[in-house]
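According to the numbering used here, the sequence shown is numbered sequentially starting from 1244. Glycine included, C-beta positions come from ideal geometry on N, C-alpha and C. Scroll down for the structure; my scribbles are underneath it.
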Amino acid sequence: MKKSLKIAGISIGSLILLAFGIQGFLLRGTPGQHLSPQNYQSNLEYSSIPTLLIPGWGGSTITYNKMIKYYQQKNIAQKVLTIWVAPNGRIWTEGDFHGQKECLNSSFIYLEL
């Protein structure tokens, strides 16, 4: 009886650790990737005005990170700043924005709530 409880406990603990590992992998951030002027697309207008991307209904960190990664790979936009806002109002950031001229008007300041 004790042996089966020990095996069950180890199995459940392993599954929980695996679930946390998978969750951490899925929620990892998308690193910023600078746009290069030689890779600008002629059919797009580039400027130093960023887009504030606020996740809304039906979106999540996973879906928005996929979108940001796609835009960076296609030289459409770049992620320059991520802002997190905790339920208690605490704010912290990653990255910075200094009006980089290589930004597309769809460069992202990503706000995670």
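If residue 1287 and residue 1319 are in contact, beta carbons under 8 Å, what's the gap, nearest whole angstrom?
In the sequence shown, counting from the first residue as 1, residue 1287 sits at position 44. In the sequence shown, counting from the first residue as 1, residue 1319 sits at position 76. Confirmed, Cβ separation roughly 7 Å.
Would residue 1308 pass as an interface residue toward chain C - the criterion being a Cβ-Cβ separation below 8 Å?
Annotation note: the requested chain C is absent from the structure, which comprises a single protein chain.
DSSP puts residue 1323 in a beta bridge; with which residues?
Translated into the one-based positions of the sequence shown, residue 1323 becomes position 80. BP columns for residue 1323 are empty, so no partner.
For residue 1297, which option in 1326, 1332 and 1267 has the closest C-alpha, if you only look at C-alpha atoms?
Reading the sequence shown from its first residue, position 54 is the one you call residue 1297. If we check each option's Cα against that of residue 1297, 1326 comes out closest.
For residue 1252, which of helix, strand or coil comes out of DSSP?
As a position in the sequence shown, residue 1252 is number 9, starting the count at 1. Residue 1252 falls in the helix class under three-state DSSP.
Starting from residue 1305, follow the beta strand (DSSP E) in both directions and report where the run begins and ends.
As a working mapping, residue 1305 is identified with position 62 in the sequence shown. That residue, residue 1305, is in no beta strand (DSSP E); its alpha helix (DSSP H) goes 1304-1316.
From residue 1257 to residue 1335, what does the alpha carbon distance come to, in whole angstroms?
Reading the sequence shown from its first residue, position 14 is the one you call residue 1257. Reading the sequence shown from its first residue, position 92 is the one you call residue 1335. So the two alpha carbons sit approximately 32 Å from each other.
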